[in-house]
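Chemist: Take a look at this one; I'll ask things after.
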Amino acid sequence: MDRPAAEDDRFKPIYSALANMFNCNLAKMLSVISPLFLSTLVAGHGHVTNIVINGVSYNGWDIGVYPYEADPPTVVAWGTPNTGNGFISPDDYGNPNIICHENATNAKGYAAVTAGDKVNLQWTAWPDSHHGPVITYLANCGDSCETVDKTTLEFFKIDGVGLVSNSAVPGTWADDQLIVNNNSWLVEIPPTLAPGYYVLRHEIIALHSAESADGAQNYPQCFNLQVTGSGTASPAGVLGTKLYTEKEAGILVNIYTSLSTYVVPGPTLYSGAVSVTQSSSSVTATGTPTTGMDGTSASTESSAEASTLASVVSTSSSAAIAIQETTMATTVKVVSTTSTIAPTVNTASITSTPLVTTAVPSDSSAQSLYGQCGGINWTGTTACTTQATCSSVNPYYYQCVVTAV
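In terms of the working numbering, the sequence shown is numbered consecutively and its last residue is 405.
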C-alpha cells in the first residue's frame, strides 16, 4: 500500500539535511585531495626550492601549493602552474615557455646580492638517470623585474658545465656533480657586473632521450636579483627564445655513445664569468625579498632553528677539464692528466667529485618512480616500485612511469 503524501513530506527536511552534509563534506575533501593528487601527477623531475646567498635563504616557488592560492606569498622565484616540475621540449624553443618555464609569471620580490657573491640553487632530488648540462644566465630587467616583459629579456651566459668525464658511457655530467653536491648548484655573480635589477635564469637540460628529435628536456627556473657593487659591465645578451635550436650540437646528441667532446648549448660564455668549485651552503638566516623599485636591500630574520641544507663540502676530481670557447658554444673536452690544465680564454678549470656509477646494482630492490629500469648496456634492476611500470623511452633508456589507471 502506498504511503500518504503527507507522511513522505515529513522526511523531506531530513533528506535535505543529509544531502547538504554529504555535499559539503565532499567539497571539503576534494579541496584537499585534488591539489595533492594533481601535484603528485606532475612530480618526478625537479625544480629549485630555494636559493642561498651568504647563508641567507630565499624561498622559491612552491609548485605544490602556490598555484592553488588566490594570493601566494611574495618570493624571488618566478611563478608557474603546478606543471612547473616538468620540462620544456626543443619544439618549444621559439615559445616564451622556454624563458622561465611554462606560463611563467614575474616574481614579485628580489634577493639582494653583491657582484662577486655566490648564489647556491637548491633543487629537489634530481633523477640520476637524467644526465646533462647545468647552465646559468643573467638578463638586465631595466627599471623592474616585477613588470618586465620576459620576451624582451636578453640573457648572457655566466656558467655552463656539460660533460665532466667520458671514462664510461654515458659519462659523468654536470647534473651528476649537482646530485653529489646535495642536489644544489653554486654560481658566482660576475664581479664586474654593473648594479641593477636582473633575472637569473638557471636550468638543467636532461639528455637521456636526446638522440632523437625533441628528446632533450629543459628545466628552466628564474629568479629576481638586485645586484649591488662597483662594476660597470653591461654584457650583451640573447633573447630567451633564441638561446637554442632544436638540432644544434649539445641538444640533439646521443650520450650513450662515447663522446670525446660535448658542446654546451647556447651562446658563448660571458668574458667576465667566473668558474667556481662546487660546494653546498649552510643556511643561517631566512631572507625577506625586496619589493618595489626603491633599491633597498632585503632584510633577514635570524633563525635559532635555521636548518642546514648541507655542510660545505668542496669537491675535487682526478680528471682535469679544459674548456674551449667557440663562436656560439662552449666545448668541454676531457683531458687525460692529473695536473690542472690552464684554461683558455674566458674560462677556468673545473673540479668535480667522481660519481659512483648511476646504474642500480643488479641485486637491488625495485627502481623508484622515474628512475631507469632498462635499455642497452643497462645492468641494474628492471623492476619498478609499486604503481609504476617500466616503459621504453628509447633503445638505451627505459623509465619507471606511473602505471595507467
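All residues carry an ideal CB built from backbone N, CA and C; glycine is no exception.
Which of the three DSSP states, helix, strand or coil, is assigned to residue 90?
Modeler: In the structure shown, residue 90 sits in a helix (DSSP, three-state: H, G or I).
Chemist: Kindly confirm or deny that the segment 167–186 and the segment 201–216 touch, where touching means at least three C-beta pairs closer than 8 Å.
Modeler: yes
Chemist: So what's residue 120 in DSSP terms, helix, strand or just coil?
Modeler: strand
Chemist: DSSP on residue 255, reduced to helix/strand/coil?
Modeler: coil
Chemist: Return the bridge partner residues of residue 408 from the DSSP annotation.
Modeler: Given a span of 1 to 405 for the chain in the structure shown, any question on residue 408 remains unanswerable.
Chemist: Relative to the C-alpha of residue 200, which residue among 79, 136, 128 and 291 is closest?
Modeler: 136
Chemist: With burial defined as no fewer than 16 other Cβ atoms inside 10 Å of the residue's Cβ, what is the status of residue 125: buried or exposed?
Modeler: exposed
Chemist: In or out: residue 69 buried (at least 16 other Cβ within 10 Å) or exposed?
Modeler: exposed
Chemist: Taking the straight line between their C-alpha atoms, what separation do you get for residue 57 and residue 274?
Modeler: 22 Å
Chemist: Give the secondary structure of residue 169 by DSSP, where H, G and I count as helix, E and B as strand, and everything else as coil.
Modeler: coil
Chemist: With 16 other CB atoms within 10 Å as the buried threshold, where does residue 32 fall?
Modeler: Its pLDDT being 40, under 50, residue 32 is placed unreliably by the model, and the measurement read from it follows with that caveat. Exposed, because fewer than 16 other Cβ atoms sit within 10 Å of the Cβ of residue 32.
Chemist: By Cβ distance, which residues of its chain are closer than 8 Å to residue 117, with the 5 residues on each side in sequence left out?
Modeler: 53, 54, 188 and 189
Chemist: Under the rule that 16 or more other beta-carbon atoms within 10 Å means buried, what is residue 280, buried or exposed?
Modeler: Residue 280 should be labelled buried.
Chemist: When you compare each of 399, 108, 127 and 244 to residue 178 by their alpha carbons, which one comes out closest?
Modeler: 127
Chemist: Within the segment 156–220, note down every full alpha helix (DSSP H) run reaching 4 residues or more, in order along the chain.
Modeler: 174–180
Chemist: Report the three-state DSSP secondary structure of residue 53 (helix, strand or coil).
Modeler: strand
Chemist: Contact check, residue 96 vs residue 157 under 8 Å by CB: the rounded distance?
Modeler: The Cβ separation is near 19 Å, so there is no contact.
Chemist: Cβ of residue 387 within 8 Å of Cβ of residue 380?
Modeler: no
Chemist: For residue 135, which of helix, strand or coil comes out of DSSP?
Modeler: The answer is strand: DSSP assigns residue 135 an E or B state.
Chemist: Assuming residue 289 and residue 48 are in contact, meaning their beta carbons sit under 8 Å apart, how far apart are those beta carbons, in whole angstroms?
Modeler: Their Cβ separation, rounded to whole angstroms, is 15 Å, which puts residue 289 and residue 48 out of contact at 8 Å.
Chemist: When every heavy atom of the ligand SAH is checked, does at least one fall within less than 7 Å of the C-beta of residue 76?
Modeler: With respect to the ligand SAH, the structure offers nothing, as it holds no ligand at all.
Chemist: Evaluate residue 62 with the Cβ neighbour count: other Cβ atoms within 10 Å of its Cβ, from every protein chain shown; 16 or more gives buried, anything less gives exposed.
Modeler: buried
Chemist: Considering only the alpha carbon of each residue, which of 369, 247 and 375 lies closest to residue 90?
Modeler: 247
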